[in-house]
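Engineer: So the sequence shown is residues 1 to 280, counted in our numbering.
Cβ coordinates follow ideal geometry from the N, Cα and C atoms, glycine included.
Predicted, not measured: the structure shown is a model, and the values here were computed from it.
Before I ask anything, let me first share the structure, which is written out below as structure tokens.
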Amino acid sequence: MHSTQLEVFAEIEGIGSASGLFIHGDLLYILGDNSGYLNEYNIKTKVLRKIQILFDKDLQQLENIPKALKPDFEILCQYEDKLYILGSGSTSKRNLMIEFDLKTHQVVRKDLTEAYGKLKSMAKIDDQNFNLEGAIFTGKTWLLFNRGNGLDSKNGIFKIEGTDLANSSQVLFNSFKLPNIDHVESSFTDATLVKNEIFFIATAEDTKSTYADGEIMGSFIGSINLQNLKLTFSNKISGRHKFEGITLLHQNEQTISFLLCEDRDTDELKTTIYKLVLKH
Numbered sequence: 001m002h003s004t005q006l007e008v009f010a011e012i013e014g015i016g017s018a019s020g021l022f023i024h025g026d027l028l029y030i031l032g033d034n035s036g037y038l039n040e041y042n043i044k045t046k047v048l049r050k051i052q053i054l055f056d057k058d059l060q061q062l063e064n065i066p067k068a069l070k071p072d073f074e075i076l077c078q079y080e081d082k083l084y085i086l087g088s089g090s091t092s093k094r095n096l097m098i099e100f101d102l103k104t105h106q107v108v109r110k111d112l113t114e115a116y117g118k119l120k121s122m123a124k125i126d127d128q129n130f131n132l133e134g135a136i137f138t139g140k141t142w143l144l145f146n147r148g149n150g151l152d153s154k155n156g157i158f159k160i161e162g163t164d165l166a167n168s169s170q171v172l173f174n175s176f177k178l179p180n181i182d183h184v185e186s187s188f189t190d191a192t193l194v195k196n197e198i199f200f201i202a203t204a205e206d207t208k209s210t211y212a213d214g215e216i217m218g219s220f221i222g223s224i225n226l227q228n229l230k231l232t233f234s235n236k237i238s239g240r241h242k243f244e245g246i247t248l249l250h251q252n253e254q255t256i257s258f259l260l261c262e263d264r265d266t267d268e269l270k271t272t273i274y275k276l277v278l279k280h
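Right, here's the structure in full:
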């Protein structure tokens, strides 16, 4: 079994609604679901740099974009020298994918409307129950984590073979049952790959909508075997936080440490990064 220890790692001004994390040396990349920027935070110098990734002329602002217009960037994942930023797909305005090159800082934009449509059709998930919150790319396979916080509780993992997500053809959907709190089932909010184990976070939120927020009942961390996509373990880590981003910080024989970020569903441009230590 595992025990967990949660502590504050950093408090950062200038970032709101944090939804994704990736650490690269001393640089912590932080995504906000209502922002047109990718945030680059230097852990040692505590300097924050904003990298513009949205260039829509129709947007009047790039921070705290109104809910009806926001790209809802819920996913930040990495493979080799690229970061992949994906919209949740929960509305027609949330189907955008951004590729960011860590070396050249080149930004490439892709429309995933057709790809998301194929996923919904294959898994028989309607628009009100499609809400992607996490992704893993292995270089050969994409895993996309659907948050089952809609009426149909479609918690599950899309497994997509191939490198080009925008032109996917071979797709499987694995339904998942996660722990509940007071009869409110938790649902995926992010995931990261550590060797052959998928570590995920999930939140129990008292809502039946992928759009409207509800009362936070608690959050979990757990792991899933990469090969068979079976649940290995799950542990409750908080009764009040809505964690939406996870990245590996450190690992040894006794412990594994992650950084987590939370979406507080406010317009305040301030975020807290947490350190979570799992002891075997």
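Using the Cα positions of T203 and I237, report the straight-line distance between them to the nearest angstrom.
Structural biologist: Cα to Cα, the separation comes out at about 10 Å.
Engineer: Does the Cβ of N180 have 16 or more other Cβ atoms within 10 Å, making it buried, or fewer, making it exposed?
Structural biologist: It is exposed - the Cβ of N180 has fewer than 16 other Cβ atoms within 10 Å.
Engineer: Nearest-angstrom Cα distance between K46 and S121?
Structural biologist: Approximately 45 Å, taken between the alpha carbons.
Engineer: Taking the C-alpha atoms as reference points, what is the distance between I246 and R109?
Structural biologist: The alpha-carbon atoms of I246 and R109 are separated by roughly 24 Å.
Engineer: Buried or exposed: which applies to I273, given that a residue is buried once 16 or more other Cβ atoms fall within 10 Å of its Cβ?
Structural biologist: The residue in question, I273, is buried, as its Cβ has 16 or more Cβ neighbours within 10 Å.
Engineer: By how many angstroms is the C-alpha of E185 removed from the C-alpha of E205?
Structural biologist: The straight-line gap from Cα to Cα measures roughly 8 Å.
Engineer: Thinking C-beta only, is F258 closer than 7 Å to L249?
Structural biologist: Contact flag set, yes.
Engineer: Between K118, L28, K270, which has its C-alpha nearest E13's C-alpha?
Structural biologist: The candidate whose alpha carbon is nearest that of E13 is K270.
Engineer: According to DSSP, is L6 part of a helix, a strand, or is it coil?
Structural biologist: In this structure, L6 counts as strand in the three-state DSSP scheme.
Engineer: Using DSSP with H/G/I as helix, E/B as strand and the rest coil, what is A68?
Structural biologist: Correct three-state label for A68: coil.
Engineer: When DSSP builds the beta bridges, which residues end up paired with L86?
Structural biologist: L86 pairs with I75, M97.
Engineer: Relative to the C-alpha of K103, which residue among L112, V194, K82, T113 is closest?
Structural biologist: It is K82 whose Cα lies nearest to the Cα of K103.
Engineer: From I75 to N252, what does the alpha carbon distance come to, in whole angstroms?
Structural biologist: The straight-line gap from Cα to Cα measures roughly 27 Å.
Engineer: Can you check DSSP and say which residues form a bridge with Y274?
Structural biologist: Y274 pairs with V8, L260.
Engineer: Assuming contact is defined by CB atoms lying nearer than 7 Å, are I198 and T189 in contact in what I supplied?
Structural biologist: The answer is no: Cβ separation not under 7 Å.
Engineer: Closer than 8 Å by C-beta to L62: which residues in its own chain qualify, once you throw out the five before and the five after it? Chain order, please.
Structural biologist: These residues qualify, in order along the chain: S35, G36, Y37, Q52, L54.
Engineer: Can you tell me the Cα-Cα spacing of K195 and L226, whole angstroms?
Structural biologist: Between K195 and L226, the C-alpha separation is close to 9 Å.
Engineer: Tell me, which residues are paired with E185 by DSSP?
Structural biologist: BP columns for E185 point to N180.
Engineer: For the candidate residues D152, N155, K159, whose alpha-carbon lies nearest to that of L143?
Structural biologist: Minimum Cα distance to L143 is reached at K159.
Engineer: Work out the CA separation of R147 and T141 for me, nearest whole Å.
Structural biologist: Roughly 19 Å separates the two Cα atoms.
Engineer: By the 10 Å Cβ neighbour count, where 16 or more other Cβ atoms means buried, how is L151 classified, buried or exposed?
Structural biologist: L151 is exposed by the Cβ-count criterion.
Engineer: Looking at E7: is its Cβ nearer than 7 Å to the Cβ of K275?
Structural biologist: Yes.
Engineer: What distance in whole Å lies between the Cβ atoms of L112 and N95, which are believed to be in contact at a cut-off of 8 Å?
Structural biologist: The Cβ separation is near 5 Å, so the contact holds.
Engineer: May I ask you to report which of helix, strand or coil DSSP gives L249?
Structural biologist: Reduced to three states, the DSSP call for L249 is strand.
Engineer: Where does S169 fall in DSSP's three states?
Structural biologist: Reduced to three states, the DSSP call for S169 is coil.
Engineer: Sort Q128, I23, Y79 by Cα distance to L260 and report the nearest one.
Structural biologist: For the residues Q128, I23, Y79, the minimum Cα distance to L260 belongs to I23.
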